[in-house]
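To keep things clear, I will list the structure first and then write my remarks on it.
In the working numbering, the protein residues as written are 1 to 156.
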């Protein structure tokens, strides 16, 4: 089952969990320090909350489409590339308390979209949501990946 993902910045994770639990009439699927996600069946939605007091509460962190398999991620990357959209591929990356394969593309306003599949759950170092430094040499989007074409470089 595919579903749209909406990742929001929040100032207080506990208040946000309380509000979205009531709004969506469901408990979060995963809660970690500074992080929560809701896997909503109807409508199909993955709501991700990222505590970051430095960001405007309720502002967009990123958007995504969760798919069932790595093959679907690869198919999406090929389709986007054939449509002349610049993509960034990440494989086996630890992000948001999960190991994922994903492809990134930016919308016309610069909004980051990921098409991803969750391969397994994982723990993350305290206060970190990604296993790589967004600007570091290990980052998938540092320009060293041949799958990256003409794109401003950044990670989620």
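By construction, the Cβ of each residue, glycine as well, lies at the ideal position given by its N, Cα and C atoms.
Contacts around residue i, its chain only, beta-carbon distance under 7 Å, and the 5 residues preceding and following it disregarded
i	result
residue 31	17
residue 29	37, 38 and 39
Residues that residue i bridges to, as DSSP identifies them
i	result
residue 200	Examination of residue 200 is not possible in this model, given that the chain is present from 1 through 156 alone.
residue 166	Any answer about residue 166 is impossible in this case: the structure gives the chain only from 1 up to 156.
residue 106	112
residue 121	98
residue 47	6 and 38
residue 90	102
Which listed residue (the options) has its alpha carbon closest to that of residue i
i	options	result
residue 25	35, 45 and 6	45
residue 122	99, 112, 9 and 111	99
residue 50	92, 34 and 76	34
residue 61	120, 106 and 42	106
residue 59	119, 7 and 112	7
residue 93	23, 119 and 87	119
residue 90	84, 83 and 76	76
residue 4	42, 78, 97 and 85	42
Per-residue burial, residue i [other beta carbons within 10 Å of its own, 16 or more giving buried]
i	result
residue 108	exposed
residue 53	exposed
residue 38	buried
residue 15	exposed
residue 47	buried
residue 12	exposed
Own chain residues within Cβ distance below 6 Å of residue i, not counting five before or after
i	result
residue 114	64, 102 and 104
residue 9	50, 52, 55, 59 and 61
residue 80	87 and 105
Spatial neighbours of residue i in its chain, beta-carbon cut-off 8 Å, leaving aside the 5 residues before and after
i	result
residue 117	66, 67, 68, 69, 70, 72, 73, 100, 101 and 102
residue 1	44 and 68
(request) Could I get the ranges of all uninterrupted beta strand (DSSP E) runs contained in the stretch 7-42, with 3 residues as the minimum, in chain order? (result) Qualifying beta strand (DSSP E) stretches, in chain order: 30-32 and 35-40.
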